[in-house]
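A.B. asks:
Numbering (the working numbering), first residue to last: 35 to 205.
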């Protein structure tokens, strides 16, 4: 439970970084979606109901930042979480290429789902394919770095056999 609360706190920090710091310094560039990368990370390493709820809350955080309507990002994050969690046992997570491709595809799917859901409420809220593709590339390029950082921050001790071993357990 403590790890999931830490992930939510890190999600809030990621949201602040992507929405204030990066957009404030560079207002005309496409910003990577750090919360999407965290959602993919959760789907690989926290395949549980609590992980799905955390992905939903991360999506709600992004929805609240957008200010249009609550739900489109939360729905797309849960969809991505479910899809990746379903195939996560078959993907070699330690391969940077595998997580980059997975994050790229998930970013495109999540943006399409978000755009179609948000379009139902606000007809002007449809992202162009170029922006969706550029954001997906940025997310894919950042995901190995973010995965390594999240693994390091979320390590926990395992005291089996009397020795101290550090690992990130898949549950």
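Every residue gets a Cβ at the ideal spot worked out from N, C-alpha and C, and that includes glycine.
Model, not experiment: these values are computed from the prediction.
Please check the pair residue 64 and residue 165, which I expect to be a contact at CB under 8 Å, by giving their CB distance rounded to whole angstroms.
C.D. replies: Residue mapping note: residue 64 aligns to position 30 of the chain shown, counting from 1. Residue mapping note: residue 165 aligns to position 131 of the chain shown, counting from 1. Going by Cβ atoms, the distance from residue 64 to residue 165 rounds to 6 Å, so yes, they are a contact pair.
A.B. asks: Under a Cβ-count criterion, where at least 16 other Cβ atoms within 10 Å of its own Cβ denotes burial, should residue 155 be classed as buried or exposed?
C.D. replies: The count along the chain shown starts at 1 and reaches residue 155 at position 121. So residue 155 counts as exposed.
A.B. asks: Let me know if residue 76 comes out buried or exposed under the rule of 16 or more other beta-carbons within 10 Å of its beta-carbon.
C.D. replies: Taking the first residue of the chain shown as position 1, residue 76 is located at position 42. In this structure residue 76 is buried. Its beta-carbon is surrounded by 16 or more other beta-carbon atoms within 10 angstroms.
A.B. asks: Would you tell me roughly how many angstroms separate the C-alpha atoms of residue 122 and residue 54, rounded to the nearest one?
C.D. replies: Locating residue 122 in the chain shown gives position 88, where the first residue counts as 1. Locating residue 54 in the chain shown gives position 20, where the first residue counts as 1. When rounded, the distance between both Cα atoms is 32 Å.
A.B. asks: Write down the C-beta distance between residue 95 and residue 49 rounded to the nearest angstrom, noting that I regard them as a contact closer than 8 Å.
C.D. replies: As a working mapping, residue 95 is identified with position 61 in the chain shown. As a working mapping, residue 49 is identified with position 15 in the chain shown. Contact flag correct, Cβ pair sits at about 5 Å.
A.B. asks: For residue 110 versus residue 144, is the C-beta spacing smaller than 8 Å?
C.D. replies: By one-based count along the chain shown, residue 110 stands at place 76. By one-based count along the chain shown, residue 144 stands at place 110. Result yes, Cβ atoms of residue 110 and residue 144 sit closer than 8 Å.
A.B. asks: Along the alpha helix (DSSP H) that carries residue 101, what are the first and last residues, could you check?
C.D. replies: Residue mapping note: residue 101 aligns to position 67 of the chain shown, counting from 1. Where residue 101 is concerned, there is no enclosing alpha helix (DSSP H), given that its DSSP letter is neither H nor E.
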